[in-house]
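Numbering (UniProt numbering), first residue to last: 1 to 430.
Cβ atoms here follow ideal geometry from the backbone N, Cα and C, with glycine treated the same way.
Treat the numbers as computed from the prediction; the structure is a model and nothing was measured.
Here it is in structure tokens:
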């Protein structure tokens, strides 16, 4: 038999309806349910009517037809043992002698709990009367179980949450995949395809990821091909300029050619680093020696104030790319700092990570600009013409280098209070 397909929104409606009804019933039950102590207080309030009921039975000769009338009157079951005779509307009513063994006195009557039911007993001169109420047994519980409606309500809420989470799991998967796509990772797709309205949406997202991956791979191949082809004419132009006479025009052209070479090299380097850790040539290096070599490269680095001592640790890094990372951060700090103010370089380490901080006291970077700072060709100062001093790929390459080494880089900045770049790299475990 083919059952009709129930859509996701129908499931939601059914779940919310059932949950609302069940929770309503639980709250109503929680209002009316009472403990044994509370039941005795209610019995005390109705004691006069109950005693009158027993007195009426005591003063009237018992007939079989009356038993059902009495049971209807109390909305439960009744048993009367009198002069050796037993009258009851329920053949399963317990033996009154067994009830008397569990009975406790309450004024002129007795109450007993027997096999999870509550009974009231009244002693006649020649026998006993025992009654039990169905409604009474539904509402009265032992003290420790009187909160069962609240526990049931919590169970219902937890079960509803679990069902909603299960039904919405594809959306959560899609959110995680889209988050990875926004970071440039096109290798992941949503593997679980549900049998509901989300299926078409998820298939569309998977198709979009595949198309984006193909498009970016084509873009990368084109970029590498164009970069490779540009090297030959640039080399010829350099040779021609070297053989020509030297004047201010040829010097300007030589600077532009050098700028183009740097741009091509950084574009190619960025594409190489897309392979992540595989693109690195890792060697173990003594950190203090690396920093000393780096700070000795340029006279400008004399304006760098080294805070504290360089940790005595070994790093497993690609030396060329590691130096490019630190060099680029230091040059950026010097560029945006005043000439008479030193920039700061602070390096600390623990058992697992190396933390490197480069700080300047420049104008700072706005929060809006910080979100785009590591994007290629992004410039904080939107100018129509960018000279050879800034290509716009340095920080993008820095981030690629750090991530390829398994680390992270963050920027902390406030307008008018300077900027701090924080780099965290794993320490080589010897």
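Spatial neighbours of residue 439 within its chain, please: C-beta separation below 6 Å, excluding the five flanking residues on both sides.
Coverage of the chain is limited to positions 1 through 430, which leaves residue 439 absent and any answer about it impossible.
So is the beta-carbon of residue 180 under 8 Å away from any non-hydrogen atom of the ligand PLP?
Only the bare structure without any ligand can be found here, which leaves the ligand PLP out of the picture.
Please report how far the alpha carbon of residue 386 lies from the alpha carbon of residue 177, in whole angstroms.
With a pLDDT of only 37 at residue 386, under the threshold of 50, the placement of this residue in the model should not be trusted; the figure read from the coordinates follows. Roughly 36 Å separates the two Cα atoms.
From residue 72 to residue 21, what does the alpha carbon distance come to, in whole angstroms?
Each residue's Cα considered, the two are about 30 Å apart.
Quick one: complete alpha helix (DSSP H) runs, 4+ long, within the stretch 92 to 125?
Listed in chain order, the complete alpha helix (DSSP H) runs (minimum 4 residues) inside the stretch 92 to 125 are 96 to 101.
Are the beta-carbon atoms of residue 406 and residue 347 separated by less than 9 Å?
Not closer than 9 Å, so no.
State the CB to CB distance for the pair residue 332 and residue 394, rounded to an integer number of angstroms; the pair is presumed to be in contact (CB under 8 Å).
Confirmed, Cβ separation roughly 7 Å.
Does the Cβ-Cβ distance between residue 212 and residue 181 come in under 9 Å?
It is a contact, given that the beta carbons lie within the stated cut-off.
Between residue 83 and the rest of its own chain, which residues show a CB-CB distance below 8 Å, the 5 nearest in sequence each way excluded?
By the criterion of a C-beta distance shorter than 8 Å, residue 83 is surrounded in its chain by 126 and 127, once the five residues flanking it on both sides are discounted.
Quick one: Cα of residue 383 to Cα of residue 11, how far?
Any reading at residue 383 must be qualified, since the residue scores a pLDDT of 37, below 50, and its modelled position is unreliable; no value is offered.
Residue 396 and residue 374 - do their beta-carbons sit closer together than 9 Å?
Contact check for residue 374 against residue 396 passes: the beta carbons are separated by less than 9 Å.
Considering only the alpha carbon of each residue, which of 98, 209 and 170 lies closest to residue 194?
Proximity to residue 194 across 98, 209 and 170 peaks at 170, based on C-alpha coordinates.
What's the C-alpha gap between residue 369 and residue 427?
In a straight line, the C-alpha of residue 369 is about 31 Å away from that of residue 427.
Taking the straight line between their C-alpha atoms, what separation do you get for residue 55 and residue 147?
Taking the straight line joining both Cα atoms gives about 36 Å.
Cut-off 7 Å between Cβ atoms - residues of its own chain near residue 310, not counting five sequence neighbours on either side:
Apart from the 5 residues on each side of it in sequence, residue 310 sits with its Cβ closer than 7 Å to the Cβ of 287, 288, 291 and 347 in its chain, given in chain order.
Determine the closest residue to residue 172 out of 153, 9 and 202, with distance taken between C-alpha atoms.
Cα-wise, what sits closest to residue 172 is 202.
Would you report the Cα separation of residue 207 and residue 361, rounded to the nearest angstrom?
Distance between the alpha carbons of residue 207 and residue 361 is about 47 Å.
Counting C-beta neighbours from all protein chains within 10 Å, is the total for residue 371 16 or more, i.e. buried, or is it exposed?
Per the 10 Å Cβ criterion, exposed.
So, is residue 98 buried or exposed, given that buried needs 16 or more other C-beta atoms within 10 angstroms?
Per the 10 Å Cβ criterion, exposed.
DSSP beta-bridge partners of residue 419
DSSP, once it has assigned bridges, lists 360 and 413 as partnering residue 419.
When you compare only the Cα positions, how much space is there between residue 58 and residue 129?
The C-alpha of residue 129 is placed about 9 Å away from the C-alpha of residue 58.
Sequence-distant residues of its chain with Cβ nearer than 7 Å to residue 124 (five each side left out):
Around residue 124: 58 and 82.
Rounded to a whole number of angstroms, what is the C-alpha to C-alpha distance between residue 345 and residue 408?
Using only the alpha carbons, I get a separation of about 17 Å.
Under the DSSP definition of a beta bridge, which residues are partnered with residue 326?
None; residue 326 has no bridge partner.
Can you list, in chain order, the residues of its chain with a C-beta nearer than 8 Å to that of residue 2? Leave out the 5 residues immediately preceding and following it.
For residue 2, the predicted structure reports a pLDDT of 49, less than 50, and the residue's modelled location is therefore unreliable. A value from the coordinates is still provided. A distance below 8 Å between beta-carbons, with the five flanking residues on each side excluded, links residue 2 to no residue of its chain.
Based on Cα-Cα distance, which residue from 90, 31 and 86 lies nearest to residue 76?
Closest option to residue 76, judged by alpha-carbon separation, among 90, 31 and 86: 90.
Looking at residue 168: is its Cβ nearer than 9 Å to the Cβ of residue 33?
Taking 9 Å as the Cβ cut-off, residue 168 and residue 33 do not qualify as a contacting pair.
Option in 210, 23, 321 and 86 with minimal Cα separation from residue 189
For residue 189, the nearest C-alpha among the options comes from 210.
So what does DSSP say about residue 209, is it helix, strand or coil?
Shown here, residue 209 sits in a helix according to DSSP, grouped into three states.
Can you tell me where the beta strand (DSSP E) holding residue 431 begins and where it ends?
Any question about residue 431 goes unanswered here, given that the chain covers just 1 to 430.
Could you give the residue range of the beta strand (DSSP E) that holds residue 286?
Counting along the chain, the beta strand (DSSP E) containing residue 286 begins and ends at 283 to 286.
Leaving out five residues before and five after residue 64 in sequence, what residues of the same chain have Cβ atoms less than 7 Å from its Cβ?
Counting only Cβ-Cβ distances below 7 Å, and skipping sequence neighbours, we find 87.
Helix, strand or coil: which one does DSSP assign to residue 295?
It is helical.
For residue 74, which residues in the same chain have their Cβ closer than 7 Å to its Cβ, ignoring the five residues on either side in sequence?
Within the same chain, 131 and 133 come within 7 Å of residue 74 by CB-CB distance, once the 5 residues on both sides are set aside.
Euclidean distance between Cα positions of residue 43 and residue 50:
Distance between the alpha carbons of residue 43 and residue 50 is about 8 Å.
Which residues share a DSSP beta bridge with residue 214?
Residue 214 pairs with nothing; no bridge assigned.
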